[in-house]
Every structure is written in C-alpha cells, then in structure tokens.
Amino acid sequence: MMAAAVAVNGTASSSDWDGRYYHVDQILDRPGPRTDPSFLAGDEVKEFLREKCKILVIGAGGLGCEILANLALSGFKDIHVIDMDTIDISNLNRQFLFRPKDVGNSKAIVAAEFIMNRVPGVKVTPYFGKIQDKDEDYYMQFNLIICGLDSVEARRWINATLVNMVDPENPESLKPLIDGGTEGFKGQARVILPTVTSCYECSLDMLNKPTAFPICTIANTPRLPEHCIEWASVLEWPRVHGEKKMDTDNPEHISWLYQIALARAKEFKIEGVTYSLTQGVVKNIIPAIASTNAIIAASCCNEAFKIATSSAAYLNNYFMLIGTDSVYSYTFEHEKRQDCPVCGGESLDITVNKEWTVDRLIEVLVERQDIQVKKPSLSAPGKQIYFQAPPQLEEATRPNLEKKVSELVPDGGEITVTATTLPFNLSLRVKYI
Amino acid sequence: MIKIWSMKKNEDQAAKKKPKTSAAQIRVQKDLTELDLPSTMKTHFPDPADLLNFTLTITPDEGMYKGGSFLFTFKINANYPHEPPKVKCEQKIYHPNVDLAGNVCLNILREDWKPVLNLNSVMVGLQYLFLEPNADDPLNKEAAEELKRNREQFIYNVKSSMRGGTIKGEKYDIVIKEQ
Ligand SMILES: [Zn+2]
C-alpha cells in the first residue's frame, strides 16, 4: 500500500489509486466504541469527506503550511486558502511550502500550487488578500473553517463574522471554526461552534498581552535592547515625525528606528540592538517554532477530520499546550461569557408600534420585567440613538427622544442596548406593527 | 458532518443574530454611557458621532495642581479592549509623570492594561496623577528630582509652570482654569 503511494509522488492525478487511503479508512470503515451514534461508516462518509466537504484555511504562514499539508493528506480535496502576505526570506525556515524562488510572491497562491503539485486530486483555491474583502456569501459556501493566524484583530473579525452569520432559520449557516495559535513553545487549538460554545471574543482576556515596558523605564532607565527600540518607536517617532504614521512594513521606517535605537543603546552601553530585533519588537513578532506549529496544526486538522466525518468525539473545546517548562497540556471547556459583546448578552425580538417615539420605547424597555433595565443607552449600527451619558452625548442625542423609532431603525433592524444594570449588552431586533 | 444544529436547539438560549455593531463599538458605548466622573473631569467629543476620539479635561479641586485645567486626548482603535486607549496630554505641563511631548506614564495605559479595565479606570488613574504625582516613575526627570529633593520648591515650580512660567529653561503652557 505504502509503495503505491510513494510511486505516484509528484505526478498529479485526480483518480484515487488502490489503497490510497488505506490508513484513514481504518477509521472510516467501522465505528469505534466512542464513535458518535450519527456516524455512518463506509462509503457515505468517505464520499462526503473526499467529494463534498469544502474547507477554508485562513492563513498560509507557519501554521497554515502545516494545516494545508495535513488536510490534503488526510483526504480533504476541496480546500480554499486566504492570506494577504507575501513570502519573506525569513519564512523559509519553517514555512516549508515555500522556496527561495518564491520570495516576494503570494503565500496563498504559492502554497496552493505546491499542494496541488504534490498531492494528486486535491484542489486548492487561493485568495491573495484580506479576509475582510469577503462577505457572508463567501463564508457561507464552506462546511468548516480553520484559522492559523497570528493576528488578534483578524481572529476577532472572523469570529464575529461567523457568529453574526448564524441564522436561526438555517442550520447550514452555523460554521464550525477551528482556531490554532502558537507563541514560541506554547500553543492552543480550539473548536468554536458559533453561538453554541464560547467564542474567540469570550476568551480575549486569556490572551498573553504583548509585552509592554513601562514608559518611564523606556524614557529614563533603559537596560534592554528592547527598551531602546521602544524608545525609538514610542517616543522618538511621534516627536520627530508628528502625525506621520509609522508603517511597520516599510523598510525605511524600520531602518530609521534601528538607527535611533542603536544610538540610544550606545549612549547607555546596551548591546544587542539589531535590525531584525527592531523589526521583531515593533511588529510584536513572537518567535515561531516549527515543531510547535506542527503540533498545533496537527491538532486542528484532527478536529477538522473528526467534525467532518463524526468518526470520533471532537475537542470540547480548548486544548492548551505549554512546552516552556517540560511538557504540559491541558484540555478544558472554556465557558461562554454572558457579557461577551459578540456571542453573549441577550437577544430579544421586540414588536414596536410604528408611531412610538424613542422615549416611548425606552419606557417600554424599563417596564419590562424580563430584562430589568434601568437608564438604557441605545444605538443602531453606526449611529447613536440615545445615550444617557456623558452629558455632551446625552444632549446631542436628546432630540432623538421625540423622533419615531421607525425613522431611525429599519424593519428587522438591530438596536444595541447597554446599561449599568446589564452586565452584558442586549440586542433588540425590531419588528414594526 | 457532525450535527451541531440539534445541540443548538437544546440550548436554552434561542438562536440569535447579533447586530453588525463591532465588539469594540459596543464596549465603548458601554464604557462611555456608564462613566461615573466627578465634577473635576469632563469629556468632549469634537464629532459627537465619533465615539473613538474625544478629549478629557481634568480640573483638580485639591492638591498642588488645583486651579489648573488639563487637557488629554483619547484615541481608541478597533482592537479595544484588547489594546488600551492611546492617551496624550495636549499641553506642555510640569509633571514628573508627563513628558514635554505629552506622553503619560500610567501603568494601566501600558504594561498593566487588561481588558477588564475600562475608560473610567483610565480617567480615574489620570486624575490620581494630579493628586499624587509619583517621583518613582519619572518621565520629566527634572520635575521628579525636584519633587524628591525639595517638595516646597516643587510645589512652587508647579504653580509657576501653570501660569506659563519657565523652569530650568523650559517654558510651560498656561493651564490656569478660567473662572
Ligand atoms: Zn463570545
């Protein structure tokens, strides 16, 4: 069996040869003692995995390269990949789908081509751009989404998008999100079932925050090369360049910071300021370790495989790997936060008379026993309706109290309510009569 | 594929669709509308529709900065509350924890920021700097050393700087509150 697989390496062919999935099929041909009762062993599940399942990989960097390879080799055949970055020479030590000739080209495109050349019959569709370029219709086409990102902002965006996409009328709108992340020897993999389990936003306070040094240390008592670099970027850049924004992807800007930091380091007899450290500090780059990426990516792909096939129980819902002091791993159920601004809070369908003023709506809300709200502040996406405080905003929004709700919010529109008495936010879906 | 939907039906919380308002926006709305500021602090929004950029004026009614009116700008980005707001003093003031460019040394604005903190905590923290300037975290070294060496002289310098005086060759902005 193995010999057959080896023999065709490098020649793309869409047909599966005998025994191609011999090992994976050990799992798919028969249920195990803990297999989900809905698991239907045999051809149907294989057909779903290999012919129908469409999976999206976000990020084609350290984690993304591993994820793409693992998915392709475990039988996913319709894979899409998004990445906005181009290949840098420093990526080549661990992002193994890239070669020196690829430097400067799109990670997504090069990775897709590599996988398609290497693993016959797998279709990888790249998109070289930002996840924010795509809309809900795009994300709706996938069965599963795996994230291998190093940006908190991008993760928050995709998480909120997938939670928002869940339509109570449409089961297909709930897309499992598998999120992997690494930081040196540490990493985590988690399964997010939007609106069902805790989401990325729920766990925001668990993140290691980027190292920030006290500004007075930077200004007065630098001891580390990092202090000198932060001095250049936090204090000197705005002092010298005013409003001009620092672009951490601009080599000229990095060079300027490097020179300033180097001079500062000399003055304080500190060693170790280099160009790449400067880049690392200002871009907040955490050293990536290939093997940690491999472990986390493997864990993410196992979950994708289990969820796609229901062949085994999937992760519920957070796997943490700590390799900094020997090896420690911990799996636990991270709980949904009631006050999560993305998936938490309460949602309420509310019937509003077309003639009601905002003032009247507030009265109705305050009177409702089931929400117990006092002094609510209201906004619609992108605009304030009525704010209780601060005084200036109260005054600016006060004229709205006399306006009809129907003039400010469309039918089916959303109103976000916050109040001191609510530990979370309340979202109203308005229906007019 | 696993059948997630059935799990969803069992959830006591009904399926719901959330508004398009971003998490940062909701947090800022919650933070701002629940601000509980003493009469010595006042916010101002140059554009009331833009909640992410505003100013805070602090007019201490006790301590050595009493009688002054101190203006700070707040800039909040889309990554709030993962990242703290960016706060700057808009005047050149004589204070051990504020440098001449307006950078502020307040731990919760940098190394000790946590998402559970809010705008109210930052504002209260800023006001505290005027009640208890801290010589151990200097950004204006001259001022910090003066505070350590000779408190009387430091207070004199504060008063003089607030009237637009010059201290050790640095001319400071007039920050006396208009009566
Ligand atoms: Zn959440």
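One line per chain: the protein sequences are A and B, in this order. Using the working numbering, the letters of the first sequence map in sequence onto residues 6 to 438. Using the working numbering, the letters of the second sequence map in sequence onto residues -10 to 168. C-beta atoms are modelled at their ideal positions from N, C-alpha and C, and glycine is treated no differently.
Exposed unless 16 or more other CB atoms sit within 10 angstroms - verdict on residue i
i, result
"B/Tyr161", "buried"
"A/His28", "exposed"
"A/Gln193", "buried"
"B/Lys(-8)", "exposed"
"A/Tyr333", "exposed"
"A/Lys82", "buried"
"A/Ser208", "buried"
"B/Arg99", "buried"
"A/Gln31", "exposed"
"A/Gly109", "exposed"
"A/Val11", "Residue placement at A/Val11 is flagged as unreliable, the pLDDT there being 42, under the threshold of 50; a coordinate-derived value is accordingly withheld."
"A/Gln100", "buried"
"B/Asp1", "Because the pLDDT of B/Asp1 is 42, which lies under 50, any placement of that residue in the model is unreliable, and the number read from its coordinates should be weighed accordingly. Under this definition B/Asp1 is an exposed residue."
"A/Phe44", "buried"
"A/Val62", "buried"
"A/Arg195", "buried"
"A/Tyr335", "exposed"
"A/His246", "exposed"
"A/Lys388", "exposed"
"B/His33", "exposed"
"B/Ala90", "exposed"
"A/Ile94", "exposed"
"A/Phe218", "buried"
"A/Gly47", "exposed"
"A/Asn289", "exposed"
"A/Glu235", "buried"
"A/Thr283", "buried"
"A/Arg373", "exposed"
"A/Ile420", "buried"
"B/Ile165", "exposed"
"B/Tyr117", "exposed"
"B/Val17", "buried"
"A/Ala268", "exposed"
Sequence-distant residues of the same chain with beta carbon closer than 7 Å to residue i, five excluded per side
i, result
"B/Cys94", "Asn86, Asp126, Leu128"
"A/Val168", "Pro199, Thr200, Cys204, Val347, Cys348"
"A/Ala9", "Low local confidence applies: a pLDDT of 42 at A/Ala9 is under 50, so the model's placement there is unreliable, and no value is given."
"A/Ile136", "Ile63, Ile87, Ala159, Trp162, Ile163"
"A/Leu154", "Ile63, Gly64, Arg160"
Closer than 7 Å: residue i CB and nearest ligand 1 heavy atom
i, result
"B/Glu100", "no"
"A/Ser203", "yes"
"A/Val347", "yes"
"A/Cys152", "no"
"A/Arg342", "yes"
"A/Glu206", "yes"
Under 7 Å from the C-beta of residue i: neighbouring residues of chain B
i, result
"A/Arg244", "Ala90"
"A/Pro395", "Leu21, Leu24, Thr32"
Nonlocal neighbours in the same chain, by C-beta distance under 6 Å from residue i, ignoring five residues either side
i, result
"A/Glu459", "Outside the modelled stretch of chain A, which goes from 6 to 438, sits residue 459 of chain A, for which no answer is possible."
"A/Thr202", "Asn322"
"A/Leu353", "Leu433"
"B/Leu120", "Gly52"
"A/Lys51", "Leu33"
"B/Gly154", "none"
"A/Trp242", "Met251"
"A/Met7", "The pLDDT assigned to A/Met7 is 42, lower than 50, so where the model puts this residue is not dependable; a value taken from the coordinates is nonetheless given after this. Closer than 6 Å at Cβ, skipping near neighbours: no residue."
Residues that residue i contacts on chain B, provided the C-beta gap is smaller than 9 Å
i, result
"A/Leu398", "Leu21, Thr22, Thr32, Phe34, Pro37, Leu40"
"A/Glu206", "Ala12"
"A/Phe81", "Those within 9 Å of A/Phe81 in chain B number zero; the least Cβ separation is about 13 Å."
Cβ-based neighbour list, residue i, same chain, cut-off 8 Å, excluding 5 preceding and 5 following
i, result
"A/Ile367", "Pro381, Leu383, Tyr391, Leu406"
"A/Ile438", "Thr356, Val357, Asn358, Lys359"
"A/Thr425", "Lys379, Lys380"
"A/Ile60", "Leu76, Phe81, Asp83, Ile84, His85, Phe147, Asn148, Leu149, Ile150, Ile151, Ala309, Ala313"
"A/Asp107", "Ile92, Val115"
Within chain B, partners of residue i - CB distance below 8 Å
i, result
"A/Cys221", "Asn86, Cys94, Asp126, Pro127, Leu128"
"A/Tyr323", "Simply none; closest approach about 17 Å."
8 Å Cβ cut-off: residues of chain A touching residue i
i, result
"B/Arg99", "Ala217, Phe218, Pro219, Ile220"
"B/Asn68", "Val157, Glu158, Arg161"
9 Å Cβ cut-off: residues of chain A touching residue i
i, result
"B/Val147", "Chain A residues near B/Val147: none, gap ~19 Å exceeds 9 Å."
Neighbour list for residue i in chain A, Cβ cutoff strictly below 7 Å
i, result
"B/Lys81", "Result: empty, since nearest Cβ-Cβ is about 13 Å, beyond 7 Å."
"B/Pro104", "Leu209, Asp210"
"B/Lys(-8)", "Ser43"
"B/Ile47", "Those do not exist, as B/Ile47 stays about 14 Å from chain A at its closest Cβ, beyond 7 Å."
Would you list, in sequence order, the uninterrupted beta strand (DSSP E) runs of no fewer than 3 residues that lie entirely inside the region 279 to 328 of chain A? 323 to 327
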